[in-house]
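In our numbering, the protein residues as written are 12 to 133. Below is one structure, written out as structure tokens; comments come after it.
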Amino acid sequence: MSVQPETTGRKRRKGTFPPGTSGNPKGRPKGSRHVLSEAYIGDLHALWLEGGLKAARRVMNEQPAEFVRAVGKLVPQQFGMADQDKPDFRRVWEHLATVALASVAREQQAIPLIASEVVAHD
């Protein structure tokens, strides 16, 4: 009596790979997974350079709740509500405030410099 291999009673469809065989033996090319997201981030960076600070300031003045919500999304998610009293949480918020204030100060200093350079070249 010969031993028959166990089957489920279904035949394998044409064009399918046998178990244990890859249809793409070389795999996905390195870096191909992130090409779209890198392009997206690059485009956002270019837009930010065009007028991001002006837009952020406008949202801050006209829609402060939306501004706070957006800044809150920048805080890592591992900081939960219970973590608000921890020094790390305070340090993150203090850093965000320092960076935002420094950015505003730089822009306020840059505007007179640009205007004086234009006047000086006339």
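We put the beta carbon where it would ideally sit given N, CA and C, even for glycine.
Consult DSSP for residue 27 and reduce its assignment to one of helix, strand or coil.
Here residue 27 corresponds to residue number 16 of the sequence shown, with the count starting at 1. Three-state DSSP puts residue 27 in coil, outside helix and strand.
Extent of the continuous alpha helix (DSSP H) run through residue 70:
Here residue 70 refers to the residue found at position 59 when the sequence shown is read from its first residue. Per DSSP, the continuous alpha helix (DSSP H) segment holding residue 70 begins and ends at 46-73.
Selection from 61, 30, 62 and 109 that minimises the alpha carbon distance to residue 82
As a position in the sequence shown, residue 82 is number 71, starting the count at 1. The shortest C-alpha separation from residue 82 is found at 109.
Cα-Cα separation between residue 29 and residue 41, rounded to whole angstroms:
Taking the sequence shown and counting its residues from 1, one reaches residue 29 at position 18. Taking the sequence shown and counting its residues from 1, one reaches residue 41 at position 30. Whole-angstrom Cα-Cα distance: 26 Å.
Residue 106 to residue 37 span [Cα, whole Å]
Residue mapping note: residue 106 aligns to position 95 of the sequence shown, counting from 1. Residue mapping note: residue 37 aligns to position 26 of the sequence shown, counting from 1. For residue 106 and residue 37, the distance between alpha carbons rounds to 45 Å.
Going by DSSP in three states, residue 109 sits in which element: helix, strand or coil?
The residue labelled residue 109 in the question sits at position 98 within the sequence shown. Helix at residue 109.
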